[in-house]
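*Asks:*
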Amino acid sequence: RALASPLDPAFYAGLEELLLAGDVGPSLAARLTDSVRRRKPLTLEEARAALEAEVVAALSAKPRSLELAANPSVVLLYGVNGAGKTTTVAKLASGLKQAGRRPLVVAADTFRAAGIEQMVAWAERAGVEAFAGKPGGDAAAVAFDAIQAARGRGFDTVLVDTAGRLQTQHNLMEELRKVARVVGRALEGAPQESLLVLDATLGQNSLAQARAFNTALGLTGLVLAKMDGTARGGSVIAIESELEVPTKLIGLGEKLEDLYAFDPAWFARALFG
Amino acid sequence: TLTQRIGSALHKLGGRGVLRPEDIDAALREVRLALLEADVNFKVVKEFSERVKERTLGAAVLQSLSPAQQVVKVVHEELVALLGDEARGLRYSARPPTVVMLVGLQGAGKTTTAIKLALLARREGHRPVVAGLDLRRPAAVEQLRTLAEREKVGFTTGHGAVEEIASEAVDEAGQTGSDVLILDTAGRLHVDDELMAELRRLKAAVPVSETLLVADAMTGQDAVNVGIAFERAVGIDGFVLTKLDGDARGGAALSLRVATGKPVRFAGVGEKPADLELFHPDRMASRILG
Ligand SMILES: Nc1nc2c(ncn2[C@@H]2O[C@H](COP(=O)(O)OP(=O)(O)OP(=O)(O)O)[C@@H](O)[C@H]2O)c(=O)[nH]1
Ligand SMILES: Nc1nc2c(ncn2[C@@H]2O[C@H](COP(=O)(O)OP(=O)(O)OP(=O)(O)O)[C@@H](O)[C@H]2O)c(=O)[nH]1
Ligand SMILES: [Mg+2]
Ligand SMILES: [Mg+2]
Chain A
1 RALASPLDPA FYAGLEELLL AGDVGPSLAA RLTDSVRRRK PLTLEEARAA
51 LEAEVVAALS AKPRSLELAA NPSVVLLYGV NGAGKTTTVA KLASGLKQAG
101 RRPLVVAADT FRAAGIEQMV AWAERAGVEA FAGKPGGDAA AVAFDAIQAA
151 RGRGFDTVLV DTAGRLQTQH NLMEELRKVA RVVGRALEGA PQESLLVLDA
201 TLGQNSLAQA RAFNTALGLT GLVLAKMDGT ARGGSVIAIE SELEVPTKLI
251 GLGEKLEDLY AFDPAWFARA LFG
Chain B
1 TLTQRIGSAL HKLGGRGVLR PEDIDAALRE VRLALLEADV NFKVVKEFSE
51 RVKERTLGAA VLQSLSPAQQ VVKVVHEELV ALLGDEARGL RYSARPPTVV
101 MLVGLQGAGK TTTAIKLALL ARREGHRPVV AGLDLRRPAA VEQLRTLAER
151 EKVGFTTGHG AVEEIASEAV DEAGQTGSDV LILDTAGRLH VDDELMAELR
201 RLKAAVPVSE TLLVADAMTG QDAVNVGIAF ERAVGIDGFV LTKLDGDARG
251 GAALSLRVAT GKPVRFAGVG EKPADLELFH PDRMASRILG
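In structure tokens form, the structure reads like this:
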């Protein structure tokens, strides 16, 4: 399109639109475009490299690997409704099993219709064990009991799936805080990973979600799911920049193998298309 | 607020009386920023900005409103006009059963919406049945069955090709006197040609009266791509915008409407089966403007 050469007068307007299209957000799109312009790239390749450098610089500098040194390590996953939490837990369990670990999946979505069934069915497909709560049960109690069971039976990683909730539902945010507290009581230092799952197709509300969940729980990382669509998940740049929380995992499909380590350079390049 | 932002932008320019071109440009910059922050697609924002410019250029300032308030009034009116005022409820077919097909991306809220629409149909004096056609996602059929049982709504599913299950459901509905059949389909990407073809086969196999694209109100810029793709591949009659009980501004509503010309018909406002409302363009316009 207009993005043939940075020497073309329409180039920077086009670049800003490209970033907007990627859900980077208007103020960050303007800021990034300006930073690229100030580097005075002469060719398209130089402009791409400049953008990549600027995006990577804006992202968090924190490590992106999962902190699974503790035995057992507890990973708590949460996020808004339909983001991809349950599927991500299944994928992560499968990946950990492939890597020689012994994960225990905890089906702690005791609220949504067939929430437990879905997690249990996925665990079965992944060939891992599941600890299931009962519909209507207390999610925190399920997590507590699961961690006790994990310690007693030698599981080294406990993955806790929780019910979806909007950050505006204060009672549900309080419930989630209770789950995290109880997990900490069940095992000192837990949860070692506290991950917010974000749907890449969402826009600026992702930033509001991240801020709210971070304030309530303290995020150790983000999972960016559904990056196999046409949405680019650009809102994570602002989230990482403002909250210093690193995106650790990226979902690229609905199968067990479709979970990858987040690579900042790949992400920056994908924005450019 | 947007009015305040425009107000201070105009104040800097010192104009009064008629809104001069530079006043309008300054005001529209604030409007475009507000719409982008609300997730309205950037192309739709550009187009919308031009429309508002035409309407406000040369317009004398009303006595009762400040220039900023005037611009916001025009913006609000244009948004409401664009969002449309078509009949928004369910349209029942003259030849039952009325078949409503729900489609959309993964996790948008289709299964939940299926039961919500069934309850709406029942409140309007009909006998609905929901068909679980998502044979892909683990426990998807269980999810719909659980919801249907709780609400005492008829439920059907099957094995094999979804178009065959749907076709049998239509025959069954005729026999049991159910006059509304709601098809819950598996979430899919608009760029998955095979799965989009499945929807076409489904639509060809049964007399679908309404195809509704279920979309998350928090959807970002991608809404235009999704809307256009589903409209081209399958044909849609309207949208259900879900999760409006959150605090997303919901610009996707405008993006979808402008990109496809189809109206938003319903708003999902919670996880419970009763949490469905008819879409209100004026409320949506205020929400988008923040
Ligand atoms: N294309 C694609 N689909 C995904 C991905 N991750 C999850 N999904 C799909 O998104 C839908 C929702 O996923 P879930 O795992 O049920 O989401 P959730 O966050 O647990 O949902 P709730 O528990 O209802 O809040 C399912 O259809 C998944 O198959 C992904 O990376 N890519
Ligand atoms: N707060 C809120 N949650 C909703 C609304 N509609 C659906 N949900 C929730 O969003 C999540 C996803 O809903 P589903 O009905 O499973 O979505 P789906 O489109 O059928 O998902 P797939 O079949 O995987 O594509 C669930 O947790 C629902 O309870 C709504 O209007 N408000
Ligand atoms: Mg879930
Ligand atoms: Mg579903």
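Residue numbers (my numbering), protein chains in the order written: chain A, 1 to 273; chain B, 1 to 290.
Idealized CB from N, CA, C, for every residue including glycine.
1. Is the closest heavy atom of ligand 2 to the C-beta of A:G164 under 7 Å?
2. Alpha carbon to alpha carbon, how far is A:F144 from B:G154? Give it in angstroms, no decimals.
3. Using beta-carbon positions only, say whether B:A166 and B:V130 come within less than 8 Å of one another.
4. What are the residues in the stretch 96 to 126 of chain B lying within 7 Å of chain A by C-beta distance?
5. Express the C-alpha separation of B:N41 and B:L33 in angstroms, rounding to a whole number.
6. Taking all protein chains shown into account, do 16 or more other C-beta atoms lie within 10 angstroms of the C-beta of A:T110, making it buried, or fewer, making it exposed?
7. Going by CA-CA distance only, name the one from A:G164, A:A186, A:N71, A:L249 that's closest to B:E271.
8. Measuring straight from C-alpha to C-alpha, what distance separates B:T176 and B:G251?
9. Assign B:I182 to one of three DSSP states: helix, strand, or coil.
10. Got a sec: which bits of the stretch 131 to 164 of chain B sit with their beta carbon under 9 Å from any beta carbon on chain A, in order along the chain?
11. With distance defined between alpha-carbon atoms, name the residue in A:E45, A:G14, A:Y260 nearest to A:R269.
12. Can we say the stretch 204 to 222 of chain A touches the stretch 180 to 196 of chain A, given the rule of at least three CB pairs closer than 8 Å?
13. Is the shortest distance between the beta-carbon of A:D199 and the beta-carbons of chain B less than 8 Å?
14. Is the shortest distance between the beta-carbon of A:R38 and the beta-carbons of chain B less than 8 Å?
15. 8 Å is my cut-off, CB to CB: does A:G136 come that close to chain B?
16. Taking the beta strand (DSSP E) that B:I6 belongs to, which residues open and close that run?
17. How big is the Cα-Cα spacing for A:P264 and B:R249?
18. Consult DSSP for B:I288 and reduce its assignment to one of helix, strand or coil.
19. Pull the bridge partners of B:P128 from the DSSP assignment, please.
20. In the DSSP output, what is A:E302 paired with across the bridge?
21. Thinking C-beta only, is B:G89 closer than 8 Å to B:L278?
22. Using a Cβ-Cβ cut-off of less than 8 Å, list which residues of the stretch 181 to 212 of chain B approach chain A; keep chain order.
23. Chain B beta carbons: is any one of them nearer than 8 Å to that of A:D109?
24. Between the stretch 20 to 34 of chain B and chain A, which residues of the former have CB atoms less than 7 Å from a CB of the latter, in chain order?
25. For A:P103, which beta-bridge partners are listed by DSSP?
26. If you draw a straight line from the C-alpha of B:D192 to the C-alpha of A:R37, how long is it?
27. Is there at least one non-hydrogen atom of ligand 1 closer than 7 Å to the beta-carbon of A:T87?
28. Going by alpha carbons, who is nearest to B:F362 out of B:N225, B:A233, B:E210?
29. Looking at C-beta atoms only, is the number of pairs between the stretch 232 to 241 of chain A and the stretch 206 to 219 of chain A that lie closer than 8 Å three or more?
30. Indicate whether A:L249 and A:Y260 have their beta-carbon atoms separated by less than 8 Å.
31. Check whether the Cβ atoms of B:L105 and A:G229 sit closer than 8 Å, and answer yes or no.
32. Assuming B:V71 contacts B:L212 (C-beta within less than 8 Å), just tell me the rounded distance between them.
33. For ligand 3, is there any heavy atom lying closer than 7 Å to the beta carbon of B:D237?
34. State the DSSP-derived secondary structure class of B:S209, mapped to helix, strand or coil.
35. Would you identify the three-state DSSP class for A:Y12, choosing helix, strand or coil?
36. Whole angstroms is fine: what's the gap from B:V208's alpha carbon to A:A53's?
*Replies:* The answer reads as follows:
1. Under cutoff, so the answer is yes.
2. When rounded, the distance between both Cα atoms is 38 Å.
3. Not a contact, by the Cβ cut-off of 8 Å.
4. Look at the stretch 96 to 126 of chain B: the residues with a C-beta under 7 Å from a C-beta of chain A are L105, Q106, G107, A108, G109.
5. Roughly 11 Å between the two C-alpha positions.
6. Classified as buried, A:T110 has 16 or more neighbouring CB atoms from the shown chains inside 10 Å of its CB.
7. With distances taken between CA atoms, B:E271 lies nearest to A:G164 out of A:G164, A:A186, A:N71, A:L249.
8. Spanning the two alpha carbons is a distance of roughly 42 Å.
9. The answer is strand: DSSP assigns B:I182 an E or B state.
10. If the cut-off is 9 Å between Cβ atoms, the stretch 131 to 164 of chain B has R136, R137, P138, A139, A140, V141, E142, Q143, L144, R145, T146, L147, R150 near chain A.
11. Selection A:E45, A:G14, A:Y260 evaluated against A:R269 yields A:E45 as nearest (Cα-Cα).
12. Three or more pairs of CB atoms, one per stretch, sit closer than 8 Å, so the stretch 204 to 222 of chain A contacts the stretch 180 to 196 of chain A.
13. So, interface residue.
14. For A:R38, not one C-beta of chain B is nearer than 8 Å to its own C-beta.
15. Not closer than 8 Å to any Cβ of chain B, the Cβ of A:G136 fails to qualify, so no.
16. Here B:I6 belongs to no beta strand (DSSP E); instead the alpha helix (DSSP H) covers 2 to 13.
17. Rounded to the nearest whole angstrom, the CA to CA distance from A:P264 to B:R249 is 29 Å.
18. Three-state DSSP puts B:I288 in a helix.
19. DSSP lists B:V180 as partners of B:P128.
20. For residue 302 of chain A there is no data in the structure shown, the boundaries of chain A being 1 and 273.
21. Closer than 8 Å, so yes.
22. Flagged, chain order: L189, H190, V191.
23. No, A:D109 lies away from the interface with chain B (no Cβ there is under 8 Å from its Cβ).
24. The stretch 20 to 34 of chain B vs chain A, Cβ under 7 Å: L33.
25. BP columns for A:P103 point to A:T157.
26. Rounded to the nearest angstrom, the two C-alpha atoms are 37 Å apart.
27. Yes - ligand 1 has a heavy atom lying nearer than 7 Å to the Cβ of A:T87.
28. Because chain B spans 1 through 290 in this model, residue 362 of chain B falls outside it and cannot be assessed.
29. Contact check between the stretch 232 to 241 of chain A and the stretch 206 to 219 of chain A: three or more CB pairs, one atom from each, fall below 8 Å, which counts as touching.
30. For A:L249 and A:Y260, yes; Cβs fall inside 8 Å.
31. Cβ distance < 8 Å, so B:L105 and A:G229 count as in contact.
32. About 34 Å; that fails the 8 Å criterion.
33. No, since every heavy atom of ligand 3 falls outside the 7 Å radius drawn around the Cβ of B:D237.
34. Strand, per DSSP.
35. Judged by DSSP in its simplified three-state form, A:Y12 adopts helix.
36. Whole-angstrom Cα-Cα distance: 50 Å.
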